[in-house]
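For what it's worth, this note's numbering labels the leading residue of the sequence shown as 4, then goes sequentially. Every residue, glycine too, gets a C-beta built ideally from N, C-alpha and C.
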Amino acid sequence: MFKVGDLVRMTRTMFWAAKSNKYITYTASPGIVMSHGPGPYDTIEVLIGTKKYRGMASEWEMVNESR
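Below you can see the structure in the form of structure tokens.
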């Protein structure tokens, strides 16, 4: 799905999840995939500015499709 170095952003549905949960911080800014862990939960780590976001890969979408 994602590879290290891909440009991604949070999905729009994450806005509504973050709105009802104070522990989730939503951002519309794109970020770079730092790591993508295979496994049952398909986790991802994204760098946006100087902050790292960790979560499920299904919460993110690709910005760039071509390489």
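Self-check item: Option in Tyr29, Phe5, Arg15, Thr16 with minimal Cα separation from Ile1
Solution: One cannot answer for residue 1 here, as it falls past the ends of the chain, which runs 4 to 70.
Quiz item: Going straight from the alpha carbon of Ser32 to that of Arg57, what length do you get?
Solution: By 1-based counting over the sequence shown, the position of residue 32 is 29. By 1-based counting over the sequence shown, the position of residue 57 is 54. Cα-Cα distance, rounded: 15 Å.
Quiz item: By Cβ distance below 6 Å, which residues in the same chain neighbour Phe18 in space, the five residues on each side in sequence not counted?
Solution: Here residue 18 refers to the residue found at position 15 of the sequence shown. In its chain, beyond the 5 residues on either side, Tyr29 have a beta carbon closer than 6 Å to the beta carbon of Phe18.
Practice problem: Reducing DSSP to helix, strand and coil, say where Thr16 ends up. | Solution: Taking the first residue of the sequence shown as position 1, residue 16 is located at position 13. Shown here, Thr16 sits in a helix according to DSSP, grouped into three states.
Quiz prompt | Residues bridged to Val2 [DSSP beta-bridge criterion] | solution = Past the edges of the chain, shown from 4 to 70, lies residue 2, and the structure says nothing about it.
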